[in-house]
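Engineer: Provided herewith is a single structure, encoded as structure tokens, for subsequent inquiry.
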Amino acid sequence: MTIWVDPANKNLIEALTDVYVMKFPEVKFKFVYEPENIILQNLINSKATAAFINKPLSDQQTKYIYQQTTIEPRSTLLAYDAVIFIAGKESSIESVSIDDLKNSLLANDNRFVFDDGNSGNFNTVTNILKIEIQQGQKVRALENSQQVIEFVTQSTGTVGIIGMNVISEKDNPEVKEILSKIKVLPIKDSANVLREPTVENILEFNYPFFKGVYFIVSEPGFGIGSGFSRFAGSQQGQLIVGREGLQPNFLYDRQVKINNNPL
């Protein structure tokens, strides 16, 4: 199965599929990394039949695909991620206010730089701010999160916008290297309260720029996509989500039996 993935979700999809392939070694996955808007267009045109992005198909998009293929695509929410704002360690910037972010993007003053102008992170920010970037209006964006990380370490007056999943697995040596060069900025909300992008704040919807992670599959019957979707939503799959430093969508009760008899 070929899965189209927004690069911000790369770590999570690879962690989930690595374990799935260990359980079912006859299954093979191929990933195509493209920005979210391009993936959505490919889903609508039936070029893509499986995707890992940060928004579900709308009812209108789902109906259109069904009319063209007689297959009804399914959008499954598996996790909650977040858009985070980063600066270089040497930067004097310590936080980002929602009003300042909104005004800056509308004024196009180039202080904020996205990982991609068509990414799920860009869509999340503009949707939450309720702003529309007019056609022809420029937004500073690079090709991926790694370029954004390198850029903010060299340009101390700028703030990078990437996905939390890029740095959420704190035990990963590559993540440790990234965190040695950047700092994650809290968001100052309308009440002037600083909100950190922590799993707890995402769970309680206190951090404003949270986003869902959806697996979308369009296939007849119960195929690889359906099997993977069921696994990713199972207790084992959701434990992997938690291990990646994200908030699982499905919370499973943990039952503990205590034996009070003396040994």
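In this text, residue positions in the sequence shown follow this note's numbering: the first is 364, and each later residue adds one. Even for Gly, the Cβ is constructed at its ideal location relative to N, Cα and C.
1. Taking N471 as the reference, which of A504, G590 and I456 has the closest Cα?
2. Do you know how far the Cα of V384 is from the Cα of V390?
3. Classify S409: buried if its beta carbon has 16 or more other beta carbons within 10 angstroms, exposed otherwise.
4. By Cβ distance, which residues of its chain are closer than 7 angstroms to M364, with the 5 residues on each side in sequence left out?
5. So V529 and V476 are in contact, right, with Cβ under 8 angstroms, and what is the actual spacing, rounded?
6. Is the beta carbon of V395 less than 8 angstroms from the beta carbon of K574?
7. Quick check: the Cα distance between E399 and T521, rounded to an integer number of angstroms?
8. Does the CB of E506 have a neighbour CB from chain C at under 8 angstroms?
9. Any idea what DSSP makes of V529, helix, strand or coil?
10. With a 10 Å radius around its C-beta and 16 neighbouring C-beta atoms as the bar for buried, classify I621 as buried or exposed.
11. Taking Cβ positions, are S454 and T519 nearer each other than 8 angstroms?
12. Suppose you measure from the CA of T439 to the CA of G600; what does that come to, to the nearest Å?
13. Can you say whether K452 is buried or exposed, counting buried as having 16 or more other CB atoms within 10 angstroms of its CB?
14. For K551, is the classification buried or exposed, using 16 other Cβ atoms within 10 angstroms of its Cβ as the cut-off for buried?
15. For D444, which residues does DSSP report across the bridge?
16. Less than 8 angstroms between the CB atoms is what I'm expecting for L602 and I456, so what's the real figure, rounded?
17. Between F585, V604 and D444, which lies nearest to R437 when the distance is taken from Cα to Cα?
18. Decide if A411 is buried, meaning its Cβ has at least 16 other Cβ atoms within 10 Å, or exposed.
19. Just curious, the beta strand (DSSP E) that F475 is in, first and last residue?
20. I'd like the ranges of any alpha helix (DSSP H) spanning at least 4 consecutive residues and lying wholly in the stretch 465–502.
21. Between which two residues does the alpha helix (DSSP H) holding F594 run?
22. So, under 8 angstroms CB-CB, L609 and D369 are touching, yes? Tell me the CB distance rounded to an integer number of Å.
Structural biologist: Checking against the coordinates, here is how it stands:
1. Of A504, G590 and I456, the residue nearest in Cα terms is A504.
2. When the Cα atoms are used, V390 and V384 turn out to be separated by approximately 6 angstroms.
3. Taking all protein chains in view, the Cβ of S409 is surrounded by fewer than 16 other Cβ atoms within 10 Å, so the residue is classified as exposed.
4. Answer for M364: F392, A413, I587 and G588, listed in chain order.
5. With 8 angstroms as the limit, V529 and V476 do not qualify as a contact, their Cβ atoms being about 14 angstroms apart.
6. For V395 and K574, no; Cβs fall outside 8 angstroms.
7. The straight-line gap from Cα to Cα measures roughly 24 angstroms.
8. Judged by its chain identifiers, the structure shown contains no chain C, having just a single protein chain.
9. Three-state result, V529: helix.
10. The residue in question, I621, is exposed, as its Cβ has fewer than 16 Cβ neighbours within 10 Å.
11. Yes, they are a contact pair.
12. Looking at the two C-alpha atoms, the distance is approximately 13 angstroms.
13. Exposed, because fewer than 16 other Cβ atoms sit within 10 Å of the Cβ of K452.
14. With 16 or more other Cβ atoms within 10 Å, it is buried.
15. Answer is K574, bridged to D444.
16. The beta-carbon separation of L602 and I456, rounded to 36 angstroms, does not stay under the 8 angstroms limit for a contact.
17. Looking at F585, V604 and D444, the one whose alpha-carbon comes closest to that of R437 is F585.
18. By the 10 Å Cβ count, A411 comes out buried.
19. Where F475 is concerned, the enclosing beta strand (DSSP E) stretches over F475 to F477.
20. Taken in chain order, the complete alpha helix (DSSP H) segments of 4 residues or longer contained in the stretch 465–502 are 483–492.
21. Run containing F594: I587 to A595, per the alpha helix (DSSP H) assignment.
22. The distance from the Cβ of L609 to that of D369 is about 14 angstroms, inconsistent with a contact at the 8 angstroms cut-off.
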